[in-house]
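In my numbering, the protein residues as written are 132 to 358.
From the three backbone atoms N, C-alpha and C, an ideal C-beta is built for every residue, glycine too.
Fair warning: this is a prediction, and the values are worked out from it, not measured in the lab.
Below is one structure, written out as structure tokens, with a few remarks after it.
As structure tokens, then:
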């Protein structure tokens with residue numbers, strides 16, 4: 132596993148496991164909602180979740196996709212404010228939950244983990260800054276290519292020269308993530324299928340030409356970086 136869990140030592144992992152308990156959710160279940168009190172953090176063990184923000188005018192913005200090794204609730208663990216987003220299971224999910232009181236004791240006993248936690252939150256904030264830049268300077272197709280490449284690199288399963296993307300995202304999900312309409316996503320996918328870049332199914336994408344998508348998203352690599 133990568134993410135938060137991947138940066139912990141064996142002793143830190145054992146201590147985390149000893150203070151947490153397992154819980155499972157079916158696909159589509161909500162782990163926590165935006166505005167909920169920060170009662171716990173959750174280490175994803177299996178499956179994937181999407182994190183979304185609902186704006187005051189009724190729009191939905193997808194903030195991130197998280198997989199095994201990610202810590203859900205890390206921002207609330209630092210500032211103890213209500214949940215900043217809604218977390219929904221993309222398929223079946225298992226996680227190790229740690230109540231906030233137990234987390235306090237864990238961080239007191241393992242001070243280095245606090246630094247790891249802060250670094251993970253900082254990384255996500257930088258990613259959010261990068262996304263805002265993408266929205267202002269890149270086309271919807273460029274942004275979609277960047278997100279598909281990201282999913283392939285992080286969660287893809289290579290098979291015979293292609294890469295199957297694990298998280299079961301709908302076109303609505305991708306539209307909310309990219310900041311485009313569902314129609315724009317569908318139109319772009321149609322073009323890419325004709326070009327032989329991807330193959331799509333119900334809530335699934337298989338990348339047939341990853342390098343072509345990297346080139347399509349390549350302008351993102353030269354974007355201004357957050358300070």
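Secondary structure within the stretch 256 to 306: the alpha helix (DSSP H) runs of 4 or more consecutive residues, fully enclosed, are 271 to 286 (chain order). Looking only at 320, 308, 323 and 329, the smallest Cα-Cα distance to residue 295 is reached by 329.
Short of 8 Å from the beta carbon of residue 151, and not among the five residues preceding or following it, lie these beta carbons of its own chain, in chain order: 174, 227, 228, 229 and 233. As the crow flies, the alpha-carbon of residue 246 is around 36 Å from that of residue 346.
Residue 248 counts as buried, since no fewer than 16 other beta carbons sit within 10 angstroms of its beta carbon. Per DSSP, residue 135 has no beta-bridge partner at all. Within the same chain, 271 come within 6 Å of residue 315 by CB-CB distance, once the 5 residues on both sides are set aside.
The residue from 159, 255, 191 and 243 with its alpha-carbon nearest to that of residue 205 is 255.
Excluding sequence positions up to five before and after residue 299, its CB lies within less than 6 Å of the CB of 221, 222 and 334, all in the same chain and listed in chain order. By the 16-neighbour rule on beta-carbons within 10 angstroms, residue 153 is exposed. Residue burial annotation: residue 304 is buried, with at least 16 other C-beta atoms found within 10 angstroms of its C-beta. Secondary structure note for residue 171: it is in no alpha helix (DSSP H), and the uninterrupted beta strand (DSSP E) holding it is 171 to 185. Residue 312 sits in coil when the DSSP states are folded into three classes, being neither helix nor strand. It is roughly 15 Å from the alpha-carbon of residue 341 to the alpha-carbon of residue 319.
Spatial neighbours of residue 139 in its own chain (CB-CB distance under 8 Å, excluding positions within 5 residues in sequence) are listed in chain order as 147, 244 and 247. DSSP lists no beta-bridge partner residue for residue 214.
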